[in-house]
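S.K.: Numbering (the working numbering), first residue to last: 52 to 112. We put the beta carbon where it would ideally sit given N, CA and C, even for glycine.
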Ligand SMILES: [Zn+2]
C-alpha cells in the first residue's frame, strides 16, 4: 500500500514537472537549458558550435 502511494506521488511530480516545462520553458534554470542554446560570439553574435573562438577574432561569451 505504501509503495503504491509513493509511485502515485512520483507520477504526480513527474506530471507537474512535465506540464511546467511545457507551459513555462523560460522559468527553468540555465543549467537545464544549456543544450538548447549554442555559445554565441561576443563580437558578431554568430553561433559557435564545437569551437571557442570565432572567425572574426571574437570569443564565445
Ligand atoms: Zn564573431
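1. State the beta-bridge partners of residue 72 as determined by DSSP.
2. Relative to the C-alpha of residue 89, which candidate in 68, 95, 111, 71 has its C-alpha closest?
3. Buried or exposed for residue 95, going by 16 or more other Cβ atoms inside 10 Å?
4. Are the beta-carbon atoms belonging to residue 92 and residue 71 less than 9 Å from one another?
5. Contact defined as beta carbons within less than 8 Å: I believe residue 105 pairs with residue 99. What is the distance between those atoms, to the nearest angstrom?
6. In angstroms, rounded to a whole number, what distance separates the CA positions of residue 55 and residue 67?
M.R.: To lay it out plainly:
1. According to DSSP, residue 72 bridges with nothing at all.
2. 111
3. Burial call: exposed.
4. no
5. 6 Å
6. Rounded to the nearest angstrom, the two C-alpha atoms are 18 Å apart.
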